[in-house]
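Novice: Take a look at this one; I'll ask things after.
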Amino acid sequence: MGDSACVPSSASTFPAVTVTSRHSALVRVTHWITALCFLALLVSGVEIVISHPRFYWGETGNIHTPTLFKLPIPASRNLVPTGYGYVLPDQNGWSRYLHFQSAWVVVLTGLLYAIYGLFTGHFRNNLLPVQADLSWRAIVKHLRFERPSESDAWSYNTLQRLTYLFVVFVLFPLVIWTGLAMSPAFVSAVPVAVTLLGGQQSARTIHFFVSLALLLFLLIHVVMVFRAGFRSRMRAMIFGTPMERI
Amino acid sequence: MTEISRRKLITTGLAAAAGVTGLGVAARMAQKHGLIPPDHGGIYGLGETLNYASHRLLTRHSLAREFAREQISKIPVANEIRPASEEFTRLQAGGFAEWRLSVNGMVARPALFSLAELKSYPSRSQITQLACEEGWSYIAEWIGVPLSNVLEVVGIEPQARYVVYSSIDSEWWDSIDMADARHPQTVLAYGMNGGELSVGNGGPLRMRVPRQLGYKSVKFITSLTVTDSLKAFGKGLGSASPEAGYAWYAGI
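Protein chains in written order, with the numbering used here: chain A, 34 to 279; chain B, 427 to 678.
Have a look at this one:
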C-alpha cells in the first residue's frame, strides 16, 4: 500500500473516491495505542510523584537533604514533610505496575512506528519540513493558531512538522532514557545511562520535566484538533480520511 | 469475496497463527530459563514479566554502582523505628547476643547462626545507593557477610531456585532468585558507615540487594529458606510486596 499520506493539493478537485487515506493504517493504530499508553503513564506517574513530591539534583536526595524544588501538594507518605496535616492514600503499587506495563507497550509501539517511518519515507515525506516553508514568516503565521484551510487537512504545516519531529526524536527518547536511568538494575549494566545525566536524582527531575513537556504537547495538540475541525481530524485519525467517502 | 481480500485474509490468519505459536514457544523458553516472575498472573503480568525477563538477560552478572567515600549521605534515612514485638525488645535489651538467623529448606546442613558467627566469616564492605520506590535515595557504606558465603556454608541443593527471607516481624518477607542470591553484592548487612547497623536502618541484620529498590532490602532478618518453588509461601506471589500490590521484582 505504501505511504499515501502526501496527497497533492489537486486532490480536492477530484471526487473523494479517488482519495486513498490521509493517515496510513499503521500511523492510525500506533497513534491511538500511544495516546492510550500516554494517559496511563500520566495518571500512574502523577500517583508515583505524590508519594514524594520533592525534587533534587545529583546522585541522592531525601527528606534530610535540600531540594531543588517542591510541589505544593500533600503526599501519600507520612515520612514527607509537606505542611499539610493529612496523608493521601498510597496508590504506588498498581501505579508502578501500570507505569511499566504501559511503558513497554508504548516503547514497542514506538519502535514499530520508527522502523515504519524510516522505511516508508513517512518521516522524510510527512514530517521533515519542506524547504520553502522553513521561514520565520511561515512559522509565525502558524504560531498565531489561525484556523487551517481545507487543503491543510491533507498535510502538516511547518510548525506541526517540527513539533512532531521534536516529540518523536527528542522528548520520547529522553523520557525513556531518564526512566531507565532510575532503575538500579539497568544502570548496573549500563552505568553511563545515569552518570551522563549527573546522577539518579537528576534523572528523576529531568524525567518530570520531559513529562511536563509531553503533557503540554498533548494539551496543545488536542486544542488544535478542535480548532482545525474536530470531526474531520478525528475521522482522519480513526478511519483514514478527513471526509466521508461518496 | 475478491481474490485480493481472500489472500489478505489468509496471510493475516497465518501471521496471527505464527504470532500465537511464537508467543507460546517464547513462554515455554522463558519458563525453562527462569525468566517468569512469581507474580506473572493478572492484568499487569505482561509488564512485570517483561521487566524481570529483560533484566535477567541484561543484568545477570552486572554489579550495582559503588560510590566514593565522600559521596556517603550525611544522614542515612531511617523510616521505621523498630519492630513493636516483645521478642524484639527482649533481644535488643540483650544487645542482640541471642539474635539467631535460621537457614533451612533445600540445604544439606540446616543451621542457626548467631551474629558473632556471621561476623566471623569474611565480610564485604560496599558503598552503594539505596533507592526507594517513592523516589528518594541515599548512599551508605554497608558491611556484612555475602549471602553466597552463608549459602556455601549450609550447602544448597542443585534444584534450588529462590531464597526466601523473613523479618522478625513476620509481615515482612521477600524472596530473590539465585542470580541475586549468588550475586557478590547481596549481603546480610550488620554494619553501616564503619559502625554497627542501627535499629532504625534495619539492625542487627538486614538483607541488602543493591540492584533492586529499597523494599527488597528487608530489615531485622531472622530466617532464610532455600526453595525450588514459591507456591507454598504466603499467596504464592513470591513476597509480601505483591500481596500489598507491589511488584516482586524491584530492579526498576
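From the three backbone atoms N, C-alpha and C, an ideal C-beta is built for every residue, glycine too.
Touching or not, the region 109-128 of chain A and the region 573-583 of chain B, by the rule of three or more beta carbon pairs under 8 Å?
Specialist: Touching, no, given that fewer than three Cβ pairs across the two stretches are closer than 8 Å.
Novice: Return the chain-ordered list of same chain residues with a C-beta closer than 8 Å to the C-beta of N619/B, the five sequence neighbours on each side being excluded.
Specialist: Counting only Cβ-Cβ distances below 8 Å, and skipping sequence neighbours, we find I498, P502, A566, E567.
Novice: How is W598/B classed by DSSP in three states: helix, strand or coil?
Specialist: Coil at W598/B, not helix or strand.
Novice: Tell me, to the nearest whole angstrom, how far the beta carbon of L59/A is from that of Y197/A; I am working on the premise that it is less than 8 Å.
Specialist: 15 Å between Cβ atoms; not a contact.
Novice: Could you have a look at E567/B and say whether DSSP puts it in helix, strand or coil?
Specialist: It is a strand residue.
Novice: Is DSSP giving G617/B helix, strand or coil here?
Specialist: Looking at G617/B - three-state DSSP - the assignment turns out to be strand.
Novice: Examine the Cβ distances between the region 586-605 of chain B and the region 637-655 of chain B and report whether three or more of them are shorter than 8 Å.
Specialist: Touching, yes, given that three or more Cβ pairs across the two stretches are closer than 8 Å.
Novice: For the 8 Å Cβ check, are there 3 or more pairs between the region 536-547 of chain B and the region 63-75 of chain A?
Specialist: Touching, no, given that fewer than three Cβ pairs across the two stretches are closer than 8 Å.
Novice: So, is the C-beta of P217/A closer than 8 Å to a C-beta in chain B?
Specialist: Chain B contact via Cβ: present.
Novice: Buried or exposed: where does W598/B fall if 16 or more other Cβ atoms within 10 Å of its Cβ makes it buried?
Specialist: Per the 10 Å Cβ criterion, buried.
Novice: A222/A touches chain B at which residues, Cβ-Cβ below 8 Å?
Specialist: Those are L484, T485, S488, listed as they occur along chain B.
Novice: Rounding to the nearest angstrom, what Cα-Cα distance links F205/A and L435/B in this structure?
Specialist: Those two C-alpha atoms are separated by around 35 Å.
Novice: Enumerated in chain order, which unbroken segments of the alpha helix (DSSP H) with a length of 4 residues or greater are wholly contained in the region 50-111 of chain A?
Specialist: Whole alpha helix (DSSP H) segments, 4+ residues: 58-83.
Novice: Please say whether G570/B and A615/B have beta carbons closer to each other than 8 Å?
Specialist: Cβ distance < 8 Å, so A615/B and G570/B count as in contact.
Novice: Could you check what DSSP says for P668/B in three-state terms: helix, strand or coil?
Specialist: In this structure, P668/B counts as helix in the three-state DSSP scheme.
Novice: Pair every Cβ in the region 83-92 of chain A with every Cβ in the region 117-129 of chain A, then say whether three or more of these pairs are closer than 8 Å.
Specialist: Enough Cβ pairs lie closer than 8 Å, so yes.
Novice: Which word fits S221/A, buried or exposed, when buried means at least 16 other C-beta atoms lie within 10 angstroms of its C-beta?
Specialist: Classification of S221/A: buried, given that the 10 Å Cβ count is 16 or more.
Novice: Taking only the alpha-carbon atoms, compute the straight-line gap between L639/B and A658/B and give it to the nearest angstrom.
Specialist: Distance between the alpha carbons of L639/B and A658/B is about 25 Å.
Novice: List, in order along the chain, the chain A residues whose C-beta lies closer than 8 Å to that of P463/B?
Specialist: Result: empty, since nearest Cβ-Cβ is about 11 Å, beyond 8 Å.
Novice: Any beta carbon of chain A sitting closer than 8 Å to that of E496/B?
Specialist: No, E496/B lies away from the interface with chain A (no Cβ there is under 8 Å from its Cβ).
Novice: Using DSSP's beta-bridge definition, name the partner residues of Y591/B.
Specialist: In the DSSP output, where bridge partners are listed per residue, Y591/B has D600/B, L650/B.
Novice: Please work out which residues of its chain come closer than 7 Å, Cβ to Cβ, to L461/B, disregarding the five sequence neighbours upstream and downstream, and give them in chain order.
Specialist: Closer than 7 Å at Cβ, skipping near neighbours: Y478, A479, R482.
Novice: Sort V225/A, S244/A, L249/A, F250/A by Cα distance to V79/A and report the nearest one.
Specialist: Of the listed residues, the one whose Cα sits closest to V79/A is S244/A.
Novice: Where E496/B and G621/B are concerned, what is the direct C-alpha to C-alpha distance, given to the nearest angstrom?
Specialist: If I take the Cα positions, the gap works out to 16 Å.
Novice: According to DSSP, simplified to helix, strand and coil, what is T447/B?
Specialist: Reduced to three states, the DSSP call for T447/B is helix.
Novice: Work out the CA separation of L656/B and V256/A for me, nearest whole Å.
Specialist: Taking the straight line joining both Cα atoms gives about 51 Å.
Novice: Pull up the DSSP beta-bridge partners for R632/B, would you.
Specialist: The partner list for R632/B (beta bridge, DSSP) reads A615/B.
Novice: Exposed or buried, what is Y119/A when buried is set at 16 or more other beta-carbons lying within 10 Å of its beta-carbon?
Specialist: The residue is exposed, with fewer than 16 neighbouring Cβ atoms inside 10 Å.
Novice: Hey, out of R634/B, G450/B, V451/B, whose CA is closest to Q552/B's CA?
Specialist: Among R634/B, G450/B, V451/B, the Cα nearest to that of Q552/B is on R634/B.
Novice: Taking DSSP as the reference, what is the three-state secondary structure of R526/B?
Specialist: Three-state DSSP puts R526/B in a strand.
Novice: Could you check what DSSP says for R550/B in three-state terms: helix, strand or coil?
Specialist: Looking at R550/B - three-state DSSP - the assignment turns out to be strand.
Novice: Beta-carbon of P610/B versus every beta-carbon of chain D: anything under 8 Å?
Specialist: Looking for chain D here will not work: the only protein chains present are A and B.
Novice: Excluding five sequence neighbours on each side, which residues of the same chain lie with their C-beta closer than 8 Å to the C-beta of V139/A?
Specialist: Around V139/A: I66, T67, C70, F71, L74.
Novice: Check distances from the C-beta atoms of the region 626-640 of chain B to those of chain A and list, in chain order, the residues that come in under 8 Å.
Specialist: Going along the region 626-640 of chain B in chain order, one finds P636, R637, Q638, L639 with a Cβ nearer than 8 Å to chain A.
Novice: Closest to S624/B by C-alpha separation, out of F522/B, I469/B, L489/B, would be which residue?
Specialist: When each option's Cα is compared against that of S624/B, the closest is F522/B.
Novice: Look up V533/B in the DSSP assignment and give the residues it is bridged to.
Specialist: BP columns for V533/B point to I582/B.
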